[in-house]
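Participant: Below are the structure tokens for one structure; questions will follow.
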Amino acid sequence: MNDFFAMGGYAAYVWPSYIIAVATIAGMAIQTVTAWRRAQERLQALEKDAAQPTSQP
Amino acid sequence: MNDTAILHRYANPKAFSDLAASITPIAGIIALALFAIGLPWSLIIAPADYQQGDSARIMFVHVPAAWMSMFVYSCLAGCAIATLVWRHLLAEAALRAAAPLGAAFTAVALITGSLWGKPMWGAFWVWDARLTSVLVLFFIYLGIMAIFSALEESGKAGRAAAILTLVGAVNIPIVKFSVDWWSTLHQGSSVFRADGPKMAPEFLYPLLIMALAYMAVFFWMWLIRIRTEILVRRAASLEAAR
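Sequence lines, in order, name chains A and B.
Take the position in the first sequence, starting the count at 1, then add 167; the result is the number in this note's numbering.
Take the position in the second sequence, starting the count at 1, then add 15; the result is the number in this note's numbering.
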């Protein structure tokens, strides 16, 4: 197991590479889904507003 | 129905959203499955290279990111042409949605490349033609994103970004052929070659799985982001109508 983490002496290069690749893609994915949910909520709120009769004369 | 008619049918935001809604979960599941296979294959199953040792494992996250940096740009160029020729809002939405993804893949390619370069070349960075042209590609992506965030009016932003995208497309063949045109420290192609891949299968298979995983996750994110753009637009027009 220690051999696996040591990566033949290249641990300081291999692990940061994988962590950066995975974290960047995961970060983009989270941002993508968050923006999607936020847009859905905003549109729903606006549509609800639009459906209600206005109180102004 | 001919090809153009099909294209125009899905250029309708509603038809596109419906189609995308059914494809998105499939792309997401495929991406997860491919990463679940590709990551352990890259880190554990694939052997250490006889010259580079375990540092060669960086290739499995670096090369697909570099391929995506070019592939996403080609998608941008397609969207840019559609934006300028048909002035279609969906093409502009797709352009806007893909640019940050391309920038992210390019950043991953640059960073993982320099993490490999340090032990193998003795330097995190060298100004050879391949590395420099990819850095330029990264800045072009940032430029496209900057135009979208600077210009409020969407049609105008889309056309400006589309023009920058097409001008920047000149850089794509430079990136691709830099390793042939100049004597670079960066090695030449070992997979997309006229005489077929020049790589042992125990490295080639996990590399291709990782490349497909990157591709699937890109399409998954791109589709969601385009649909988000459509919703944001609809919300903006509702807000303007109030």
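For glycine and all other residues, C-beta sits at the position ideal for the given N, C-alpha and C.
Report the three-state DSSP secondary structure of residue 132(B) (helix, strand or coil).
Facilitator: Reduced to three states, the DSSP call for residue 132(B) is helix.
Participant: Please name the residue or residues paired with residue 68(B) in a DSSP beta bridge.
Facilitator: Paired residue(s): 64(B).
Participant: Exposed or buried, which one is residue 148(B) when buried takes at least 16 other CB atoms within 10 Å?
Facilitator: Classification for residue 148(B): buried.
Participant: First and last residue of the alpha helix (DSSP H) that includes residue 203(B)?
Facilitator: Taken as a continuous stretch (DSSP letters only), residue 203(B) belongs to no alpha helix (DSSP H), as it is neither H nor E.
Participant: Please confirm whether residue 168(A) has its beta-carbon closer than 8 Å to some beta-carbon of chain B.
Facilitator: No, residue 168(A) lies away from the interface with chain B (no Cβ there is under 8 Å from its Cβ).
Participant: Who are the Cβ neighbours of residue 35(B) in its own chain at under 7 Å, not counting the five residues just before and after it?
Facilitator: Counting only Cβ-Cβ distances below 7 Å, and skipping sequence neighbours, we find 238, 241, 242.
Participant: How about residue 125(B) and residue 150(B): do their beta carbons lie closer than 8 Å?
Facilitator: Yes, Cβ-Cβ distance for residue 125(B) and residue 150(B) is below 8 Å.
Participant: Interface residues of chain A around residue 29(B) at Cβ under 7 Å?
Facilitator: None at all; the shortest Cβ gap to chain A is about 14 Å.
Participant: Would you say residue 131(B) lies against chain A (beta-carbon separation less than 8 Å)?
Facilitator: True, the Cβ-Cβ gap to chain A drops below 8 Å.
Participant: Check whether chain A comes within 8 Å of residue 188(B), counting only Cβ atoms and requiring the distance to be less than that.
Facilitator: So no, residue 188(B) is outside the interface.
Participant: Could you work out which residue in 257(B), 185(B), 160(B), 221(B) is closest to residue 73(B) when comparing CA atoms only?
Facilitator: Of the candidates 257(B), 185(B), 160(B), 221(B), the one whose C-alpha sits nearest the C-alpha of residue 73(B) is 221(B).
Participant: For residue 214(B), collect the residues of the same chain with a Cβ closer than 8 Å to its Cβ; drop the 5 residues on either side in sequence, then sort them by chain order.
Facilitator: Answer for residue 214(B): 205, 206, 222, listed in chain order.
Participant: Compute the Euclidean distance between the alpha carbons of residue 70(B) and residue 232(B), then round it to the nearest angstrom.
Facilitator: Residue 70(B) and residue 232(B): Cα-Cα distance of roughly 25 Å.
Participant: Ignore the nearest five residues each way along the sequence and tell me which others in residue 180(A)'s own chain have a CB closer than 7 Å to its CB.
Facilitator: If we look at residue 180(A) and ignore the five residues flanking it on each side, it has no Cβ neighbours.
Participant: Starting from the C-beta of residue 218(A), find all residues in its chain whose C-beta is less than 7 Å away, skip the five residues before and the five after it, and write them out in chain order.
Facilitator: Excluding positions up to five away in sequence, the list is empty.
Participant: Given this structure, state the Cα-to-Cα distance separating residue 300(B) from residue 197(B), to the nearest angstrom.
Facilitator: The structure shown does not extend to residue 300(B), since chain B is modelled only from 16 through 257, so no value can be given for it.
Participant: Looking at residue 188(A) and residue 87(B), is the spacing between their C-beta atoms short of 8 Å?
Facilitator: Contact flag unset, no.
Participant: Interface residues of chain B around residue 192(A) at Cβ under 8 Å?
Facilitator: By Cβ distance, chain B contributes 119, 123, 229, 232.
Participant: I need the DSSP call for residue 16(B), collapsed to helix, strand or coil.
Facilitator: With a pLDDT of only 47 at residue 16(B), under 50, the local geometry of the prediction cannot be trusted, and the value read off the model is given with reservation. Residue 16(B): coil per DSSP, three-state reduction.
Participant: Taking a contact to mean a Cβ-Cβ separation below 8 Å, would you say residue 162(B) touches residue 179(B) in this structure?
Facilitator: Taking 8 Å as the Cβ cut-off, residue 162(B) and residue 179(B) qualify as a contacting pair.
Participant: Do residue 225(B) and residue 115(B) come within 8 Å of each other at the CB atom, strictly closer than that value?
Facilitator: No, Cβ-Cβ distance for residue 115(B) and residue 225(B) is not below 8 Å.
Participant: Helix, strand or coil for residue 210(B) per DSSP?
Facilitator: Of the three classes helix, strand and coil, the one that applies to residue 210(B) here is coil, per DSSP.
Participant: Which chain A residues are close to residue 236(B), counting only those with a beta carbon under 7 Å from its beta carbon?
Facilitator: What residue 236(B) touches in chain A: 195, 196, 199.
Participant: Would you grab the beta carbon distance between residue 75(B) and residue 121(B) for me? Rounded to a whole angstrom, and I think it's under 8 Å.
Facilitator: Rounded, the Cβ-Cβ distance is 17 Å, inconsistent with contact.
Participant: In the region 236-250 of chain B, which residues sit with their C-beta less than 8 Å from some C-beta in chain A, listed in chain order?
Facilitator: So the close ones are 236, 239, 240, 242, 243, 246, 247, 249, 250.
Participant: How far does the alpha helix (DSSP H) with residue 137(B) in it reach, from first residue to last?
Facilitator: Here residue 137(B) belongs to no alpha helix (DSSP H), and DSSP marks it neither H nor E.
Participant: Could you tell me whether the Cβ atoms of residue 177(B) and residue 166(B) are closer together than 8 Å?
Facilitator: No.
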